[in-house]
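Here's the structure we're looking at; comments come further down.
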Amino acid sequence: MSSLKIYNSAVREKEVFESIVPGHVGLYVCGPTVSGESHLGHARPYITFDVVYRYLTYLGYKVRYVRNITDAGHFEEEGREAEDKISKKAVLEMLEPMELVQKYTNLFHWAMDRFNTIPPSIEPTATGHIVEQIGMIEAIIAAGYAYEINGSVYFDVKKYAATHDYGKLSGRILEDLLNTTRELEGQEEKRNREDFALWKAAPPEHIMRWKSPWGEGFPGWHIECSAMATKYLGARFDIHGGGMDLQFPHHESEIAQSTICNGTAPVRYWMHNNMITINGRKMGKSYNNVVKLTELFSGDHPLLEKAYSPMTVRFFILQTQYRSTLDFSNEALLAAEKGLKRLMDAYAWLQETPRMPEAARVPAGGVETADASVARLLSELPDFMNDDFNTAKVLANMFELVPVINGIKDKSPDAALMSEETFESMRSTLKLYVEDILGLLPDGSGEGEKLKGVMQVLIGLRQQARANKDWVTSDAIRNQLAAQGILLKDEKDGAMSWTLA
RNA sequence: GGUAUCGUGGCCGAGUGGCUAGGCACAGCUCUGCAAAAGCUGCUACAGCGGUUCGAAUCCGCUCGAUACCUCCA
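For reference, each letter of the first sequence is one residue, going 21 to 521 in the working numbering.
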């Protein structure tokens, strides 16, 4: 079997994965900023790294998965007037930042649960680690790589770059940054334009504020990840993940801070997922093209023709290699929905069929025509996962198994013949990859025991009607069920199956 | 302007030198009371131009086009 290779953004090539501490993996993923609702674009990293987490766990590693919640900084609820922040209204009417944080954190957890992502081992919040962040900033100042001005603290990029490779991760050259940095407000007090904030003094109207050696203020964006990653994973850990748009400046700055503070580069393998685009454009607030997850699940958005289930979205994302851009459209999502249904229908039947049906059994002296190809398709799955988590190829192989499974199910005369061992191997391997590694769940929601019982009654009535060639009754049952969103199918041997539409 | 990535059939997308990706859509056939599903078959592409090579979607160069980042961003 092949060994796991990961594309390391820092060196721009695939490297064989070796954990720093044998048997253990430290995984850090930049989490959401909970000042607003998560959108489809946010779903990608969390689903991508959920699969990474699942696969590493399957490989036998004890993984500590840390994903932060960014709940400090500038906060403003969408649509809410900024003046609220400084109004002299009663406390209850004023914007309470933690109320927003709680609301959007809950919503985020709800969406992650629907996507069937496994919760991280630790989900630290920025506000819960102010002490650690202040400690880290003090260490950086003590080392001489940061300076305080007017209650704010900035990282001295120029000094750092003199002896370290600032820009290595993002492929940037410091001089270029000097010339191309945008004009922003509040930049005057920095020594150099490329310096970034470790701590910002809070203006009087700023509600989120903490005491620090430099006065009241709040931490810079980059320091929180460095502080929390260091605290829970150590000065040097295995994998750091996040969206490509975070590569610069966020991750570059993380490297600089942690390197000065801890005396070592923090991360062994950097992984960056690509963006989700709409009509070729990145999904983002500034482009005004975001589809929120709640809108996606409800279908309530001008760009959406219908609602799409969380599993459809998960499948849609996994059908693409995580380093490629993924273009969103109704057509693409619809295709994903249909494809997933086909895969999961075959999969569900296979899981309900513990023993190889007679019809597919190889007759005495017969040839196991399907054994070799099925075995090959199955044996390639770990190779694909080991090749930088190529879930697209894993799914492609699974789709090649679908006709094999359906052939057995339909007892078609030219059904693929295979040995009992191959059948069992197919069953257990698919369960492992579909459910445990890719995290795709059969859409069994709503199929309560009572509904199953009721369906059995209706199926019985319809079978009777069909036996009597009473097509009127037969069709009435099927059509009325369809109107209720239940699709009834006649199988080859007179049996019937049903699915919720 | 700087840096980087990408351009694959109607659509989405895998693929770093030779072998069918896969899904969806579409067409035909089989099965079927009808339907749906399923099975089989077909549709077979790599932006353009040069180069390297026995051989290139894959390597190199140029051109055209697109996107991302350049301190809000998954």
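Every residue, glycine too, gets a C-beta built ideally from N, C-alpha and C.
Going by the DSSP bridge assignment, what does Pro140 pair with across the sheet?
Position 120 of the first sequence, counting from 1, holds the residue named residue 140. According to DSSP, Pro140 bridges with nothing at all.
Checklist line | Residue nearest to Met118 in terms of C-alpha spacing, selected from Val54, His184 and Leu189 | finding: As a first step, residue 118 must be located in the first sequence, where it is residue number 98. The closest CA to that of Met118, considering only Val54, His184 and Leu189, is found on Val54.
(message) Among the candidates Ser58, Gln371, Gln153 and Met475, whose CA atom is the shortest distance from the CA of Glu444?
(response) On the first sequence, residue 444 is found 424 positions in, with the first residue counted as 1. Of the listed residues, the one whose Cα sits closest to Glu444 is Gln371.
Original post:
Alpha carbon to alpha carbon, what distance is there between Asn406 and Lys451?
Top reply: Walking along the first sequence from the start, residue 451 turns up at place 431. Walking along the first sequence from the start, residue 406 turns up at place 386. Lys451 and Asn406: Cα-Cα distance of roughly 18 Å.
- Query: At which residues does the alpha helix (DSSP H) containing Phe128 begin and terminate?
  - Reply: Indexing the first sequence from 1 puts residue 128 at position 108. Pro117 to Arg134 is the extent of the alpha helix (DSSP H) around Phe128.
Beta-ladder partner(s) of Phe216, from DSSP: Reading the first sequence from its first residue, position 196 is the one you call residue 216. Phe175.
Compute the Euclidean distance between the alpha carbons of Val424 and Val477, then round it to the nearest angstrom.
-> As a first step, residue 424 is located in the first sequence; it is residue number 404 there, counting from the start. As a first step, residue 477 is located in the first sequence; it is residue number 457 there, counting from the start. Going by the C-alpha atoms only, they are around 31 Å apart.
Tell me, please, whether the stretch 273 to 286 touches the stretch 60 to 71 by the rule of three or more beta-carbon pairs shorter than 8 Å.
no
Q. In or out: Gly263 buried (at least 16 other Cβ within 10 Å) or exposed?
A. For the purposes of this step, residue 263 is taken as the residue at position 243 of the first sequence. With 16 or more other Cβ atoms within 10 Å, it is buried.
Query raised in the report: By Cβ distance below 7 Å, which residues in the same chain neighbour Gly240 in space, the five residues on each side in sequence not counted?
Result: Position 220 of the first sequence, counted from the start, is the residue given in the question as residue 240. Closer than 7 Å at the Cβ level, and outside the excluded window around Gly240, lie Phe216, Ala217, Leu218, Trp219 and Lys220.
key: Beta-bridge partners of Met291, as assigned by DSSP   = Locating residue 291 in the first sequence gives position 271, counting from the first residue. Looking at the DSSP assignment, Met291 forms a beta bridge with Gly261.
What residue ranges within the stretch 404 to 453 form continuous alpha helix (DSSP H) runs of no fewer than 4 residues, ordered along the chain?
411 to 429 and 440 to 451
Where does the unbroken alpha helix (DSSP H) through Glu274 begin, and where does it stop?
Locating residue 274 in the first sequence gives position 254, where the first residue counts as 1. Element bounds for Glu274: Glu272 to Asn282.
**Extent of the continuous alpha helix (DSSP H) to which Gly61 belongs** = As a first step, residue 61 is located in the first sequence; it is residue number 41 there, counting from the start. Taken as a continuous stretch (DSSP letters only), the alpha helix (DSSP H) holding Gly61 covers Leu60 to Tyr78.
- Query: Using CA coordinates, which residue listed in Met418, Leu461 and Val474 is at the minimum distance from Thr449?
  - Reply: Position 429 of the first sequence holds residue 449. When only C-alpha atoms are compared, the closest one is Met418.
Whose C-beta lies closer than 7 Å to the C-beta of Ser517 among residues of the same chain, with five residues either side of it excluded? Taking the first residue of the first sequence as 1, we reach residue 517 at position 497. These residues qualify, in order along the chain: Lys509 and Glu511.
Of the choices Met228, His271, Gly148 and Phe257, whose alpha-carbon is the least far from that of Gly191? Counting from 1 along the first sequence, the entry for residue 191 is found at position 171. Among Met228, His271, Gly148 and Phe257, the Cα nearest to that of Gly191 belongs to His271.
* To do: Could you check the C-alpha separation between Pro233 and Glu244 for me, to the nearest Å?
  => Translated into positions along the first sequence, residue 233 becomes position 213. Translated into positions along the first sequence, residue 244 becomes position 224. So the two alpha carbons sit approximately 17 Å from each other.
Tell me the DSSP secondary structure of His242 in three-state form. Within the first sequence, the letter at position 222 stands for residue 242. Note: His242 maps to helix in three-state DSSP.
Whole-angstrom Cβ separation of Gly319 and Lys326, contact assumed at under 8 Å?
Residue 319 sits at position 299 when you count from the first residue of the first sequence. Residue 326 sits at position 306 when you count from the first residue of the first sequence. Between Gly319 and Lys326 the beta-carbon gap is near 5 Å, inside 8 Å, which marks them as a contact.
Where Arg396 falls: helix, strand or coil (DSSP): Sequence index remark: in the first sequence, residue 396 carries index 376 (1-based). It is helical.
Among the candidates Asp70, Thr125 and Ser494, whose CA atom is the shortest distance from the CA of Ile138? Reading the first sequence from its first residue, position 118 is the one you call residue 138. Of the listed residues, the one whose Cα sits closest to Ile138 is Asp70.
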